[in-house]
Amino acid sequence: MNAHIIRLLYISDAAEGLDEEAVTAILKSAEKNNPPLGITGVLVFGGGVFAQVLEGPERGVLGKYVQVMGDSRHRNCRIVHITTTVERLFEGVSMAALQALPLELAQIAELDAHRKETVPPEDFKNLMNVFFSRLQALP
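Right, here's the structure in full:
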């Protein structure tokens, strides 16, 4: 069993003209930098937004989020949900990327609209399970 870790979901607006090449660069950087910090997760992008889940030790995840906020490839970072957990959803995945499907964009927008309220843990868990299931289905 893992020690307690945190899972953080943030949403941001993609910079104008951001392309697939930029997303590939983000993933390459994550593959190099995340394992030493104990960070795993998924980056979902599309419709002009990013939704990223970071999970790992509190210090590593919060430090990574501070770095992310200064990244010019996006703006208006906002934490939607943060929780402690003992189990990773993205075990062994330094950072995966998924192109957001229309229904997921709607779910992300709904979570974003209510980010200043208490997000029901079940809604957060359901969205994370959707991302995890899609990752498992990848070749």
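Quick note: the sequence shown uses the numbering used here, first residue 59, plus one each step.
By construction, the Cβ of each residue, glycine as well, lies at the ideal position given by its N, Cα and C atoms.
As a quick exercise: from the options, pick the residue whose alpha carbon is nearest that of residue i.
i: residue 159; options: 192, 180, 84 and 141; result: 192
i: residue 146; options: 132, 170 and 189; result: 189
i: residue 170; options: 64, 71, 141 and 63; result: 71
i: residue 149; options: 100, 123 and 133; result: 100
i: residue 90; options: 173, 161 and 151; result: 151
i: residue 108; options: 76, 63, 196 and 181; result: 76
i: residue 156; options: 130, 143, 78 and 118; result: 78
i: residue 132; options: 94, 117 and 104; result: 104
How would you call residue i, buried or exposed, if buried means at least 16 neighbouring beta carbons within 10 angstroms?
i: residue 98; result: buried
i: residue 110; result: buried
i: residue 119; result: buried
i: residue 166; result: buried
i: residue 62; result: exposed
i: residue 113; result: buried
i: residue 84; result: buried
Is residue i helix, strand or coil by DSSP?
i: residue 87; result: helix
i: residue 190; result: helix
i: residue 103; result: strand
i: residue 108; result: strand
i: residue 59; result: Unreliable placement is indicated for residue 59, whose pLDDT of 44 sits below 50; the coordinate value is still reported in the next sentence. Correct three-state label for residue 59: coil.
i: residue 121; result: helix
i: residue 195; result: helix
i: residue 180; result: helix
i: residue 73; result: coil
i: residue 163; result: helix
i: residue 149; result: coil
i: residue 158; result: coil
Quick one: what's residue i bridged to in DSSP?
i: residue 139; result: 67
i: residue 58; result: The displayed coordinates of the chain run from 59 to 197. Any statement about residue 58 would go beyond what the structure contains.
If we ignore side chains and look at the alpha-carbon of each, how far apart do residue i and residue j end up?
i: residue 194; j: residue 74; result: 31 Å
i: residue 182; j: residue 66; result: 10 Å
i: residue 115; j: residue 139; result: 16 Å
i: residue 117; j: residue 123; result: 10 Å
i: residue 94; j: residue 88; result: 10 Å
Cβ of residue i less than 8 Å from any chain C Cβ?
i: residue 98; result: Of the protein chains in the structure, only one exists, and it is not chain C.
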